[in-house]
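**Student:** Attaching a single structure in structure tokens format; questions to follow.
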Amino acid sequence: MSDVFTGTSAIEGWLQPLSEENAPCGPDLEYDNDFLALNQSAAGKPETQFEAAVPPDWRVVRAEAEALMERTRDLRVAVLWVRACTHLEGFAAVPEGLRLLHGLLETFWETLHPLPDPDDGDPYARMNALGVLRESDGLVGDVRRALLFSQRGVGEVRVRSVEVALGLMPARDGEPAYTRDQLGQMLGAAVAQDPALSQLPAQAMAHLKTLSALANDRAGIESAPDLKPLQSLLHTLVGVMPAPAAAPDAGADGEAAADEAGTEAAPGAARAAPARGLSGTVATREDALRAIDMVCEYLERTEPTSPAPLLLRRARRMINRNFLQLMKELAPDSLAEVARVMGVDPDSVQLDDESA
């Protein structure tokens, strides 16, 4: 799958007004038959006593949304179009889709459908439409299932595959479960074939941040949807994506490519640069744990006699422990006295490995 998204030209047209007169966004088609048909298509068919659930036909959803966007400028229609494109074209659709949503709100705030409440100007209907971006059965789930890339000679990786490789999600039955090293090799090889792929997560993150900032500014933080679930997912992708310069040329010798990147090629590794573990900023607890794991793996590989990994792994285990649990591990002789001062039964203090 290429990083080239086919919907870019449509976006450019939709960011232009339908009319230069009093209705740049056209009519509100909320009760139009075509609008109702779009929402029905996007809902799929729920499970019944006699039939399994039927997922939406996203090709139909995309076509119906595009037809409506020729008649109106509606955030609800645009969100469904972005979701459909993500299913059909993979992660490549996400950056441009988020750019469309931000562009519509920024360009047509006064006239974009659904309009703010006529009495108090509250844009709650728009914020409800944006709320789909944070839901696991909305855009977050769409992105998680999306193809990150599918390339001959490299294989297929979905966004969820990245989370599984990093230990953030459990693997399902029959689902590929790559190791971190395998994921790094595949990402490096994919970026070598398609350098623009490496920029897609960062572009998506940038557009999401501008969209979130605009929503917070216009609707207020208390009314705007919290888009952190999607932001966290994108942050994970940014953290593992290798830079194009670090990815080897498809025809280059693996050792030479590794030397140019300033690293050694692992024995038996694919001729691809490993993925970066972090984007340079530790923003979450998961980032911190992953950073400790990376340091331990590096030291165990390059300095096998160093005692540092033992101490680091012990420190890692302590991150999720409370004060009394730390006392029990570090100064067990003092636990009873400290627990009594705090009014806690010392026998109730258990470490994680004691509670099983």
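All letters in the sequence shown, in the order written, are residues 16 to 371 by my numbering. No residue lacks a Cβ here, since even glycine has one placed at the ideal position from N, Cα and C. It should be emphasised that the depicted structure is a prediction, and the values quoted were computed from it without experimental measurement.
1) Please name the residue or residues paired with residue 250 in a DSSP beta bridge.
2) Can you grab the Cα-Cα spacing for the pair residue 101 / residue 357, in whole Å?
3) If we count the other Cβ atoms within 10 Å of its Cβ and call it buried at 16 or more, is residue 111 buried or exposed?
4) So for residue 183, helix, strand or coil by DSSP?
5) Does the beta-carbon distance from residue 127 to residue 88 come in below 7 Å?
6) Which residues in the same chain have their Cβ closer than 6 Å to the Cβ of residue 353, if we skip the five residues on either side of it in sequence?
7) Could you tell me whether the region 243 to 256 touches the region 217 to 228, using the rule of 3 or more Cβ pairs below 8 Å?
8) Considering only the beta carbon of each residue, do residue 30 and residue 105 sit closer than 7 Å?
9) In whole angstroms, give me the CA-to-CA distance for residue 204 and residue 307.
10) Given this structure, state the Cα-to-Cα distance separating residue 194 from residue 74, to the nearest angstrom.
11) Excluding five sequence neighbours on each side, which residues of the same chain lie with their C-beta closer than 7 Å to the C-beta of residue 56?
12) For a test of the three-state rule: what should DSSP assign to residue 164, helix, strand or coil?
13) Counting only the same chain and skipping the five closest in sequence on each side, list residues whose C-beta sits under 8 Å from that of residue 213.
14) Taking the DSSP output, what are the residues bridged to residue 35?
15) So who's on the other strand from residue 128, going by DSSP bridges?
16) Is there a Cβ of chain D sitting closer than 7 Å to that of residue 49, yes or no?
17) Does the pairing of the region 175 to 183 with the region 121 to 140 give three or more beta-carbon distances under 8 Å?
18) Determine the closest residue to residue 86 out of 329, 66, 38 and 122, with distance taken between C-alpha atoms.
19) Measure the alpha-carbon distance for residue 244 versus residue 149 and round it to whole angstroms.
20) Assuming residue 53 contacts residue 95 under a Cβ cut-off of 8 Å, what Cβ separation, rounded to an integer in Å, is found between them?
21) Along the alpha helix (DSSP H) that carries residue 328, what are the first and last residues, could you check?
22) Kindly indicate which three-state DSSP category residue 159 falls into: helix, strand or coil?
23) DSSP three-state call for residue 171: helix, strand or coil?
24) What separation, rounded to the nearest whole angstrom, lies between the Cα atoms of residue 173 and residue 58?
25) How big is the Cα-Cα spacing for residue 348 and residue 330?
26) Just how far apart, CA to CA, sit residue 210 and residue 350?
27) Measure the C-alpha to C-alpha separation of residue 322 and residue 122 and round it to an integer number of angstroms.
28) Hey, how far is the Cα of residue 60 from the Cα of residue 69?
29) What are the partner residues of residue 60, as DSSP defines its beta bridges?
30) Kindly indicate the opening and closing residues of the alpha helix (DSSP H) around residue 135.
31) Could you tell me which of 365, 239, 328 and 197 sits nearest to residue 339, measuring between CA atoms?
32) Using beta-carbon positions only, say whether residue 309 and residue 234 come within less than 7 Å of one another.
33) I'd like to know whether the C-beta atoms of residue 154 and residue 98 end up nearer to each other than 7 Å.
34) Can you find the residues in the same chain that come closer than 7 Å, C-beta to C-beta, to residue 23, ignoring five residues on each side of it along the sequence?
35) Please name the residue, chosen from 317, 314, 327 and 316, that lies closest to residue 304 on a Cα-to-Cα basis.
36) Need the endpoints of the alpha helix (DSSP H) that residue 46 sits in, please.
**Tutor:** Judging by the given coordinates:
1) Answer is none; residue 250 lacks a bridge partner.
2) 53 Å
3) buried
4) coil
5) yes
6) 342
7) yes
8) no
9) 26 Å
10) 33 Å
11) 71, 72, 75, 76 and 79
12) strand
13) 206, 256, 257, 258, 259 and 262
14) Looking at the DSSP assignment, residue 35 forms no beta bridge with any residue, so it has no partner.
15) 89
16) Within the model displayed, chain D is absent; a lone protein chain is all it includes.
17) no
18) 38
19) 6 Å
20) 6 Å
21) 323 to 333
22) helix
23) strand
24) 23 Å
25) 20 Å
26) 56 Å
27) 58 Å
28) 5 Å
29) 69
30) Residue 135 -> no alpha helix (DSSP H), and no H or E assigned at all.
31) 365
32) no
33) yes
34) 111
35) 327
36) Note, residue 46: premise wrong, no alpha helix (DSSP H); not H, not E.
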